[in-house]
Amino acid sequence: MDPSSTSESPSSAGAGGNEAFQLLSDETRIGILRVLWDAHDPAQETPVRFADLRERLGVEDPGRLNYHLNKLIDRFVRRTDAGYELMDSGKRVVRMLLSGTAIDNPEIDPVAVDISCWYCGGGVEWSYRDGWRYLECTSCDARCVESFPPGVISKNEFPPSGLRDRTPNEINEADRVWGAHRRASVMDGVCPECAGDMPVTAIDICEDHRPDWDEYQFCENCGSIFRMLVSHVCEGCKYRWRMPTLFYPSRQSALIAFFYEHGVEFDLATYEQRTLLLDFEEDLVSMDPLRIRISIPLENEVLQFTYDERMELMKESRRERQP
Numbered sequence: 001m002d003p004s005s006t007s008e009s010p011s012s013a014g015a016g017g018n019e020a021f022q023l024l025s026d027e028t029r030i031g032i033l034r035v036l037w038d039a040h041d042p043a044q045e046t047p048v049r050f051a052d053l054r055e056r057l058g059v060e061d062p063g064r065l066n067y068h069l070n071k072l073i074d075r076f077v078r079r080t081d082a083g084y085e086l087m088d089s090g091k092r093v094v095r096m097l098l099s100g101t102a103i104d105n106p107e108i109d110p111v112a113v114d115i116s117c118w119y120c121g122g123g124v125e126w127s128y129r130d131g132w133r134y135l136e137c138t139s140c141d142a143r144c145v146e147s148f149p150p151g152v153i154s155k156n157e158f159p160p161s162g163l164r165d166r167t168p169n170e171i172n173e174a175d176r177v178w179g180a181h182r183r184a185s186v187m188d189g190v191c192p193e194c195a196g197d198m199p200v201t202a203i204d205i206c207e208d209h210r211p212d213w214d215e216y217q218f219c220e221n222c223g224s225i226f227r228m229l230v231s232h233v234c235e236g237c238k239y240r241w242r243m244p245t246l247f248y249p250s251r252q253s254a255l256i257a258f259f260y261e262h263g264v265e266f267d268l269a270t271y272e273q274r275t276l277l278l279d280f281e282e283d284l285v286s287m288d289p290l291r292i293r294i295s296i297p298l299e300n301e302v303l304q305f306t307y308d309e310r311m312e313l314m315k316e317s318r319r320e321r322q323p
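Sequential numbering from 1 applies to the sequence shown in my numbering.
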């Protein structure tokens, strides 16, 4: 069995949405979760006895504590012969609180990091505000989507907890790895927020796509530098992720082999290597059924992938590059 798996049944995995909000609206209950978290040892079971829990919380009335415990039991807290401990659902609640998404609002001014702009090759500065990480080119005013300020080449959600005890370059590296794994999960149809099903819900295709690739400016007709954008929406928590089609070939082993044969050890998670895919071409092969062909040129060859309306691979091929 996978050591990260759990034996909890779906019925005991936590409370429903409205009920969960009500259960966690009381400070004493949040305090119970925090005390059990502080006692939690990932390597072994560490239940807390009722008397110890009462002492750590500073609750004088045992009846009051018992009332709040009963509200949490079998939803976020498990009662054992040795005391009380967090269920996996309770651990997720505390992890959310510790991530800082609900309690912190740090800001970090722009600082240089050791990467290059994938549009012009210029220097890049990293900054953080309002829960978002920004990468901004210091040499060009690239604007790949209308919602980005000029020069911002990447903007991504990043929890404040990821900032702790790290230098800007270390934060940027952690963000790169974190984002790459979340994006891969989305492309595989699994929500990175709740692990629910996250299918492709839309593929937006600009009918009159005219970006300015010389200045790296978005198309006025669709608001993006990319002609086709794929949307995934989680069927459980409604989390939405939208990205260009160029990311999907990165899931194919044929792409890795293609670059390797040309002397490149390709890793899309590396910012600098992302520029290798910016020369890609998108073709609308047919609308009904929807078929999209993505062509990636390198030296004298072109690698092609054809996808359906769910962005599932239908065909792959190679051909010589036309002069």
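In this text, a Cβ means the ideal position worked out from N, Cα and C, and glycines have one as well.
| Item | Value |
| --- | --- |
| S324 versus C194 - alpha carbon distance | The structure shown does not extend to residue 324, since the chain is modelled only from 1 to 323, so the question has no answer here. |
| Alpha carbon of I296 to alpha carbon of I153, nearest angstrom | 22 Å |
| Cβ-Cβ distance between I108 and S127 below 8 Å | yes |
| Element boundaries [alpha helix (DSSP H), containing E173] | 168 to 187 |
| Where R78 falls, given that 16 or more other Cβ within 10 Å makes a residue buried | buried |
| Backbone CA spacing between F50 and M96 [nearest angstrom] | 25 Å |
| Extent of the continuous alpha helix (DSSP H) run through R29 | 27 to 39 |
| Three-pair Cβ contact test at 8 Å for the region 183 to 197 versus the region 243 to 263 | yes |
| Cβ-Cβ distance between H232 and P199 below 8 Å | yes |
| Any beta strand (DSSP E) of 3 or more consecutive residues that is wholly inside the region 106 to 179 | 108 to 116, 123 to 129, 132 to 137, 152 to 157 |
| C-alpha gap between R92 and E220, whole angstroms | 42 Å |
| Pairwise C-alpha distance: E282 and F259 | 19 Å |
| Between the CA atoms of E316 and F266 - distance to the nearest angstrom | 18 Å |
| Cβ-based neighbour list, E157, same chain, cut-off 7 Å, excluding 5 preceding and 5 following | G131, W132 |
| L69 to R164 span [Cα, whole Å] | 32 Å |
| Rounded straight-line distance, which links the Cα of V230 to that of A202 | 6 Å |
| Beta-bridge partners of W241, as assigned by DSSP | H232 |
| Stretch pair the region 246 to 254 + the region 165 to 177: three plus CB contacts closer than 8 Å | no |
| Pairwise C-alpha distance: L36 and D52 | 10 Å |
| DSSP three-state assignment for Q22, whether helix, strand or coil | helix |
| Rounded separation between R274 and W118 - CA only | 7 Å |
| Per-residue DSSP class, three states only, for F259 | helix |
| Residues near L57 in its chain [Cβ-Cβ closer than 8 Å; skip 5 each side] | T28, G31, I32, V35, L65 |
| Backbone CA spacing between C120 and Q217 [nearest angstrom] | 12 Å |
| Start-to-end residues for the beta strand (DSSP E) that takes in L313 | 313 to 320 |
| Exposure label - G151; buried when at least 16 CB within 10 Å | buried |
| Whether L313 touches L255 by CB criterion (8 Å) | no |
| Delimiting residues of the alpha helix (DSSP H) encompassing V93 | 88 to 98 |
| Same chain only: Cβ atoms within 7 Å of M311, ignoring 5 sequence neighbours per side | V200, V230, Y248 |
| DSSP beta-bridge partners of A202 | S231 |
| Among K155, H40, V59, the one whose alpha carbon lies nearest that of R129 | K155 |
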